[in-house]
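Working notes, structure below.
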Amino acid sequence: MKKILLFISLVIFVLVAFFVIDIYKTVSGNPNTTYGHLMLRDRSGKIITDKGRSGGYALPYSGALDTDLVTNILEIEDARYYEHSGINLSAKVASIYQNISAGAVVRGGSTITEQYIKNAYYSNSSRTITQKIREAIGAITIEGQYSKDDILRKYLSTVYMGNGLYGIATVIEDHPDNDTILDIITRLKYPNISQSNREVVLAYRSRVSDRIGKKGEITHLEEKSRKPSIDIFPMITNRVDNEISSYCSGYKNTLKKWTTKIPNNICESGKISLTITIDSSLMNESMHIARGILDSLRGKNVTNAQIYITDPMSDTILAYIGNTNISEQIDMITRRRSVGSLLKPFIYLLALEKGADTEDYLLDDRTAYETNTEGKYFVPENYNPKSYGPIRLREALGNSLNSATVRLTDTLSIPVVYDFLRSVGLDLDHDVGYYGYGISLGMVELTMENIVDSYRSLIDTTDLNKWQIAQVLSDSRNRARTFGISSILNTSIPLPVKTGTSTDFRDNWTISYSRDAIIGVWVGNSDGSSMGDISGVSGAGPIWHGIAEYMIAVGYIKPQKSLPSNGLHQIAICLDTACLRRELLYSTKSESPKSRPSEGLYFRSDFFGNISTDEMKKWKIQQ
Numbered sequence: 303m304k305k306i307l308l309f310i311s312l313v314i315f316v317l318v319a320f321f322v323i324d325i326y327k328t329v330s331g332n333p334n335t336t337y338g339h340l341m342l343r344d345r346s347g348k349i350i351t352d353k354g355r356s357g358g359y360a361l362p363y364s365g366a367l368d369t370d371l372v373t374n375i376l377e378i379e380d381a382r383y384y385e386h387s388g389i390n391l392s393a394k395v396a397s398i399y400q401n402i403s404a405g406a407v408v409r410g411g412s413t414i415t416e417q418y419i420k421n422a423y424y425s426n427s428s429r430t431i432t433q434k435i436r437e438a439i440g441a442i443t444i445e446g447q448y449s450k451d452d453i454l455r456k457y458l459s460t461v462y463m464g465n466g467l468y469g470i471a472t473v474i475e476d477h478p479d480n481d482t483i484l485d486i487i488t489r490l491k492y493p494n495i496s497q498s499n500r501e502v503v504l505a506y507r508s509r510v511s512d513r514i515g516k517k518g519e520i521t522h523l524e525e526k527s528r529k530p531s532i533d534i535f536p537m538i539t540n541r542v543d544n545e546i547s548s549y550c551s552g553y554k555n556t557l558k559k560w561t562t563k564i565p566n567n568i569c570e571s572g573k574i575s576l577t578i579t580i581d582s583s584l585m586n587e588s589m590h591i592a593r594g595i596l597d598s599l600r601g602k603n604v605t606n607a608q609i610y611i612t613d614p615m616s617d618t619i620l621a622y623i624g625n626t627n628i629s630e631q632i633d634m635i636t637r638r639r640s641v642g643s644l645l646k647p648f649i650y651l652l653a654l655e656k657g658a659d660t661e662d663y664l665l666d667d668r669t670a671y672e673t674n675t676e677g678k679y680f681v682p683e684n685y686n687p688k689s690y691g692p693i694r695l696r697e698a699l700g701n702s703l704n705s706a707t708v709r710l711t712d713t714l715s716i717p718v719v720y721d722f723l724r725s726v727g728l729d730l731d732h733d734v735g736y737y738g739y740g741i742s743l744g745m746v747e748l749t750m751e752n753i754v755d756s757y758r759s760l761i762d763t764t765d766l767n768k769w770q771i772a773q774v775l776s777d778s779r780n781r782a783r784t785f786g787i788s789s790i791l792n793t794s795i796p797l798p799v800k801t802g803t804s805t806d807f808r809d810n811w812t813i814s815y816s817r818d819a820i821i822g823v824w825v826g827n828s829d830g831s832s833m834g835d836i837s838g839v840s841g842a843g844p845i846w847h848g849i850a851e852y853m854i855a856v857g858y859i860k861p862q863k864s865l866p867s868n869g870l871h872q873i874a875i876c877l878d879t880a881c882l883r884r885e886l887l888y889s890t891k892s893e894s895p896k897s898r899p900s901e902g903l904y905f906r907s908d909f910f911g912n913i914s915t916d917e918m919k920k921w922k923i924q925q
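Letter by letter, the sequence shown follows residues 303 to 925 in the numbering used here.
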């Protein structure tokens, strides 16, 4: 029997210990609040947000603690505040007795410290006896961590005043009159006043008035609130607000992408002032450009655009337009969309890392590939939909040729391509078997954020392979077959740029990257409906072009370094049989490839050596 009692006692002790430890960890962490006063400034210091946070508006109480107002609050809420150590045992015993007798919580008996614990850490918890015990233990814990004055100030800064307001500073003037003092004390117990409880509130206010010896008429505190409302870029405000909450809760977040300096007091309730890296001038110009282009495409069922611009060197955000149609309140930057051809640069980079050269050949031909489903084949076609036969890697990438890219993926193997795409940070949310050959043509859904972050991995002028990819994507000659030599993708400072269009014209993209900026633009419809024959160069392309030229004009984007220090050779390719005209290119190989007029006769097979006999006959390839 003694062993059983000992075991039961041990179990109870362990459970109580875990209960107490859990409470200690909770109140030792950051308060679980989403209310406060949020002020955001852009990188130039301009105020772009000055409003309450998502959970409500709050202001910290910075006044003295010996004022008439605070003295009267203590008198009503916790007369023995400076005498107890977190709980008032006599009041607690009385409240427990009444609550047990009633079978419900009818009296609180909570001290100011306990009320602060509830407001800051358990605001969404129900009023149960277990919860009251939790708050009492938390109060004792926090009394050992802070002074009485500090706890009182925290309480005055977080107590709910109704109408989405937290903290008495949201409703008081510098010198509150008797009416305001009575109103505030009344609101501490009844923050929400309506016709249904008005008589009860008036009766309570009368008792408070008699107790503290102040008279006055009930007023409407919401009319007195000092609640500013500036919100120039609502989606940025909401995103930063959420990032702050995640940061303070210890969850994975990207707050450092929004600011170069996180204030030490950012997790404290009250006013948060933060300078973020957003350029409001760039934001406004980008929005103006995008809306102008969208207006011109209105007859093509194009209603939405998103724009995401980052500084890759500091990994911070310059512009964040989640949706040009602000009224929809849908942040498309965080939504997965089909990316089209945006993954091709990574596939060609992998080929270079495997030993290929941009001057090597691929065969661009309509080919049927077996799939995991018996009797079904994957048959890619180019956008035109022409086939070009033997074509150099740089042109296959520059012209975004589907047939050549799938052939390249097949040779590299789908699992190897899949693993490489994941290694550069692309958030593929299915296993390799789900995508199949479609992975090479962007039949993958990703967020704009994830794509832009992954393109950042391509920026490394000391890496010869990445440098070559950048040169391919910035040279208009490499994309002339598909886009023409003079296209919307040409800018006054050439930039590596890639477009993408998804199946049924549901999404189109244009993304450029350099050491100065990564510019990501998406055009489509937030409801997922198809556009009317709109590709990357006719939808997202013009918006991207306008933004890129603006960033060049204001000095964001500067001329790029033309050549890495070593490892590449300048080679000449003859453009006629007498070699009177030559084209200068760069290659990892020192010897010049065969001259262009002879390519059809002296094609040496692609660098993988996997062209079939039938393909050689079809394209008149001789080894």
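A virtual CB, placed ideally from N, CA and C, is assigned to each residue, including glycine.
Would you report the Cα separation of residue i and residue j, rounded to the nearest angstrom?
i	j	result
proline 798	leucine 651	14 Å
alanine 653	isoleucine 619	31 Å
threonine 626	glutamate 751	17 Å
arginine 724	isoleucine 486	56 Å
leucine 766	alanine 772	10 Å
glutamine 433	valine 502	26 Å
serine 547	glutamate 570	11 Å
methionine 952	glutamine 417	Absent from the model: residue 952. The displayed extent of the chain is 303 to 925, so no value can be given.
tryptophan 921	threonine 711	21 Å
aspartate 344	serine 583	9 Å
leucine 695	leucine 775	12 Å
valine 726	serine 788	32 Å
isoleucine 435	threonine 373	27 Å
tyrosine 610	tryptophan 846	10 Å
arginine 709	glutamate 676	20 Å
proline 493	aspartate 481	16 Å
isoleucine 595	tyrosine 363	49 Å
arginine 382	serine 425	24 Å
tryptophan 560	methionine 585	14 Å
proline 796	tyrosine 815	11 Å
aspartate 533	isoleucine 875	57 Å
aspartate 916	serine 828	46 Å
isoleucine 514	serine 496	25 Å
serine 459	glycine 365	11 Å
aspartate 806	aspartate 835	8 Å
asparagine 704	tyrosine 685	8 Å
glycine 354	lysine 688	57 Å
threonine 488	isoleucine 375	10 Å
arginine 541	leucine 791	31 Å
Give me the Cβ distance between residue i and residue j, rounded to the nearest whole Å; I'm assuming they're in contact under 8 Å.
i	j	result
threonine 801	leucine 743	Not really, about 13 Å apart at Cβ, beyond 8 Å.
threonine 562	serine 616	7 Å
isoleucine 568	tyrosine 622	Not quite, the Cβ-Cβ distance comes to about 19 Å (not below 8 Å), so this is no contact.
threonine 539	leucine 342	7 Å
threonine 612	valine 754	6 Å
arginine 638	leucine 748	6 Å
isoleucine 741	tyrosine 720	6 Å
Counting C-beta neighbours from all protein chains within 10 Å, is the total for residue i 16 or more, i.e. buried, or is it exposed?
i	result
tyrosine 553	exposed
histidine 732	exposed
histidine 386	buried
leucine 903	Note that leucine 903 scores 29 on pLDDT, short of 50, meaning its location in the model is unreliable and no value can be drawn from it.
serine 531	exposed
asparagine 566	exposed
histidine 590	exposed
tyrosine 736	exposed
threonine 351	buried
Excluding sequence positions up to five away, which residues of its chain have a Cβ less than 6 Å from the Cβ of residue i?
i	result
valine 746	Val641
glycine 358	Tyr337, Gly466 and Tyr468
tyrosine 690	Asp666
asparagine 780	Arg696, Glu697, Gly700 and Val774
tyrosine 852	Glu587
histidine 522	Reliability fails at histidine 522, whose pLDDT of 49 lies under 50, so the model's placement of it is uncertain and the value that follows must be treated cautiously. Nothing listed; no residue qualifies.
Excluding sequence positions up to five away, which residues of its chain have a Cβ less than 8 Å from the Cβ of residue i?
i	result
tyrosine 448	Lys456
leucine 367	Asp451, Leu454 and Arg455
Considering only residues of the same chain and omitting the five flanking positions on each side of residue i, which have a CB-CB separation below 7 Å?
i	result
isoleucine 389	Thr413, Glu416, Ala438, Ala441 and Ile442
threonine 673	Tyr679, Phe680 and Gly738
glutamine 275	This structure gives no information on residue 275, because the portion of the chain shown stretches from 303 to 925.
Return the chain-ordered ranges of every beta strand (DSSP E) run that is complete within the segment 677–752 and spans a minimum of 3 residues.
Considered as a whole, the segment 677–752 harbours 691–694 as its complete beta strand (DSSP E) runs of no fewer than 3 residues, in chain order.
If you scan the segment 808–849 from start to end, which runs of the alpha helix (DSSP H) of 4 or more residues do you find wholly inside it?
Complete alpha helix (DSSP H) runs here, min 4: none at all.
Every unbroken alpha helix (DSSP H) within the segment 533–602, with a cutoff of 4 residues, ordered by chain:
Here the runs fully enclosed are 536–551 and 582–598.
Identify every run of the beta strand (DSSP E) within the segment 607–676, keeping only runs that are complete inside it and at least 3 residues long; order them along the chain.
Fully enclosed beta strand (DSSP E) runs of no fewer than 3 residues occupy 618–623 and 663–666 of the segment 607–676, in order along the chain.
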